Every structure is written in C-alpha cells, then in structure tokens.
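Residue numbers (our numbering): 4 to 504.
Here it is in structure tokens:
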C-alpha cells in the first residue's frame, strides 16, 4: 500500500514499537497516550519518579528476549546503541556456551541468541526519547481516546475506521483522522465498547486465570560487588506454591519477582516489604543476591493482581470486526506476565503489521494477512501459557492441601502420567541444560521466541535428554531451592507476619 496516516492508541512499549516500525517504512504516525506525565530528563530520573499510571507493569521485572533485541538490531541499531549507553547489557548465549561447554563449536544462529538486560522503565524511556528524536512521529500525551470514528460498510460489510476522538486534560476534544487505527492500549483496552458504538460486530473473548498475583522489588549492586552467576539473564525457581524470578537489569540494577496463588492467603505476606524480604531470605539463590554485602533495595515492593490469559477474537467466521483497525499486544492477546514475553510478542506483531501493510493491496487483504500472522506467531504462545498455568494452579492447590503433586504413583499403585511429566521437568530439566549442549541450544532458542513453542517437545532429542537426566537424579546432591510451603508459613509467623501483612 501507499503511505498511510496511522493513529496508534497507546504510547507504551507496544505503541512505540508500532510507531517505530511504521514510521520507518514511510507512514505518518500519530501516537495518542492517555497518561499526561512529562518525560523525565534521564532514565535514572524516570526510575525514581516517572508515574506511568496507565502502564503499572513498568515497576516490575521484564525479560527483553532475543527476538525483541534482534528486531532492534536489524531495524533501529541506533536505538540499541542508546540502550547500551544507558547501562543495558547484551547477554550472549555464546558466552554461556563457552562457560558451560568449553570447546563446543558455535553453530549458525547462536549469535542471534542475545537477551537485553534492561529495566522496563529504562527501555520505555529510551524508546520514547528515540521515537521523539526521529521527528517522524506526532506523540501526544494526555490524549485519551473516548471513541472511534468509522463509516458504515455496505450491506453486511464491517465498518471502516476513519479515526479516533480524543479528549485532552485541558478539556479540549478533537477528532484525529487516520487511514488506519492501531490499538496498543493494553489489556484494559476499551475496544469491545468502542466497536459496539460504531456498529462493529461484538468481539468474543476467551479468558482463563494465570493463577498468580506477583510482586517485584529492585536492588542495586554495591560498588565493587561481583554478583553470582545469572544464567541467560534470568533465574527461575518454582517451589510450586511460590515462583521466584531474578532478572538482570541495566546500570547494575536487578529485580526479584515473587508469584503465588491468589487463593493462598498465607502467601499474601509477600505483597509488603517485610514479608517479601522474609521470603527472599529463605530462598538460597535469592538470598545470595540480596545479602547486605552485595546489594541494597532501591524500590518499594510493587504488586500486580487480577491476571488472566485472555484473547479477543477480532476475526470471526472469516470476517474482521472492522476494517482499518489492527489491535496488537495485550489489547489483542495477553498472557501471564511472569514469563516475560509481552514486550517481545508485541514488537513481533508491530513489525509484522508493517510488512503486511507494505504488501497488502487493500484493507481487507491487510486485515487478513495480519490475522494470519497472529494465528501463526502469537496464538501458539497463548495456548502454551493457558496449558501451563492450568497445571500450575493444580500444583499450588495440591500443595495447599498438603499433597505432593509430583508423586508419580497413585494410591492404587497405578502410574500418574501428569505427575511424571511434572517430576521429569522438575528433576531433569535444569541438570540436563548443564549437561547437554544440544538441549541447551534448542531450549534457549525456544525461550527467546526464535523457534515456535511446539518444536521443543516435538524434538525427540529433547525427551531423550530429559529422561536420561531424570534417571540420574539420585546420583546428584540434593539442591536446596527453598523451603516447603508449611516451612515458609512458619517463617512468616515467626516474623510476626500473617496474611497480607
């Protein structure tokens, strides 16, 4: 298609990614951001004081995966330079490979596995500054979209968008006209309501619980302190009742995230600093990172709740809900944030949209091509997360009842296949990743969104390696990952903490 004027609703990471992708291909872009908070002078000031009320996840841990980093490398190398100048670090698979497997050959594609260690707030600040500096994007903050504008379709044809009506903080109202509207306004998008108001078809939604609330806190390494190893930029610990993530950031700052079941009142102690620090101190790997000699906290404890894996079905029965409307990121599909895929998948869609726009002959072809991308590149990750979260909920509930969800033999002596798979992953995966270079490579490619999720378990080498590793479980020393749930509850009680305190 020829150059278009694209109106982007939402100026966070997803919307800015769309603005970068589209403006870089010659399209005129206007970004409408509801928050009216001035951009701080530096990324350090942003971490200290930038109030992004419309994007509360900026105060939580993030993993900027290789797929996202490579999109920046290939499409905006100067942006990558700016991120590195602000203290972000590239964590290379090749370095990890040489550390674990000295002498192992580097294979084609290994150089693409590079995570970006960077706080979300730093990433968004540098990204907005970069987009503004290009001069190619009209960025309006304090511009809240209240409704969409469209012309009715002929007969049963869907409406075609013509723009969005905006209200500003000073009370002004304006119609921002455009050829296309990209909804990047996040999981709280008003898209269903907006479409109803212009005669668009009702959007069906699917939703299932993530099974967690989570809390995050940031820490800064002290001068001269050398941190423990952080494999691949992230450490993940799953105690069943409590999930723990340690995430590398920029400027010698790292974060720790704790996640537990919303129905587990005892674990709500981690929502506040005293309980959070008790839990961290009882988990050996986390305690290493947060020892007073090594680091100090530089943020409060921030919580996030009411989380669901959700999908909006923009296409139904071969027809889009509206033409000229392209939702992306959490506005279309939102998955459990604990896995850290959100920013990377949103940018995957942003650049796919730009390619679809280049190749499509009309709005119908554009919408169809974009929907094909969503089904191929985004939906499989959503489906995987729905399945994994359902199982994690079962595990947490069993532990709360005092049962062992990893016991592979049923009371009647029969085998429990689901428990076996859980046990296989729990006791076989991590050791296998340090013993089998091929498994590590395949696993890291999938975790970085470079290969589809289904490829991992369809690979016969993966299961062979896991089973061999699992068979050697009794030959390894027992690794203390953390206390049982009952022991953790006792630690809270000893510290004078109860549910929610």
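Here a beta-carbon is modelled for each residue, glycine too, at the ideal position from N, C-alpha and C.
Predicted model only: the values in this text are computed from it and were never measured.
Query: Residue 312: first and last residue of the uninterrupted alpha helix (DSSP H) it sits in; Result: No alpha helix (DSSP H) holds residue 312; the beta strand (DSSP E) holding it covers 311 to 316.
Query: Helix, strand or coil at residue 96 [DSSP, three-state]; Result: helix
Query: Residue 211 - containing beta strand (DSSP E), residue span; Result: 207 to 212
Query: Any alpha helix (DSSP H) of 4 or more consecutive residues that is wholly inside the segment 454 to 491; Result: 456 to 461, 463 to 474
Query: DSSP three-state assignment for residue 168, whether helix, strand or coil; Result: strand
Query: With 16 other Cβ atoms within 10 Å as the buried cut-off, status of residue 45; Result: exposed
Query: Residue 302 to residue 221 span [Cα, whole Å]; Result: 5 Å
Query: Residues bridged to residue 326 [DSSP beta-bridge criterion]; Result: 163
Query: Option in 399, 337, 371 with minimal Cα separation from residue 384; Result: 337
Query: Short Cβ contact (8 Å threshold) for residue 340 with residue 310; Result: yes
Query: Per DSSP, cross-strand counterpart(s) of residue 307; Result: 217
Query: For residue 558, the first and last residue of its enclosing beta strand (DSSP E); Result: Outside the shown range of the chain, which is 4 to 504, sits residue 558, and nothing can be said about it.
Query: Contact check, residue 132 vs residue 42, beta carbons under 8 Å; Result: yes
Query: Proximity test, Cβ basis, 8 Å: residue 465 and chain C; Result: Within the model displayed, chain C is absent; a lone protein chain is all it includes.
Query: Proximity to residue 231 [Cα-Cα], best of 365, 497, 249; Result: 249
Query: Euclidean distance between Cα positions of residue 275 and residue 285; Result: 16 Å
Query: Residue of 466, 4, 427, 430 minimising C-alpha distance to residue 445; Result: 466
Query: At least 3 beta-carbon pairs within less than 8 Å: the segment 311 to 324 vs the segment 254 to 270; Result: no
Query: Proximity below 8 Å, CB of residue 366 to CB of residue 326; Result: yes
Query: Residue 155 (DSSP reduced to helix, strand or coil); Result: coil
Query: Range covered by the beta strand (DSSP E) that runs through residue 2; Result: What the structure shows of the chain is the stretch from 4 to 504, and residue 2 is not part of that stretch, so it cannot be assessed.
Query: Nearest candidate by alpha-carbon position, reference residue 269, set 17, 489, 23; Result: 489
Query: Endpoints, alpha helix (DSSP H) assigned at residue 84; Result: 80 to 88
Query: Residue 15 vs residue 177 beta-carbon contact at 8 Å; Result: no
Query: 7 Å CB neighbourhood of residue 1 in its chain, flanking five on each side removed; Result: Since the first residue shown for the chain is 4 and the last is 504, residue 1 is missing from the structure and cannot be characterised.
Query: Buried/exposed call for residue 204, threshold 16 Cβ in 10 Å; Result: buried
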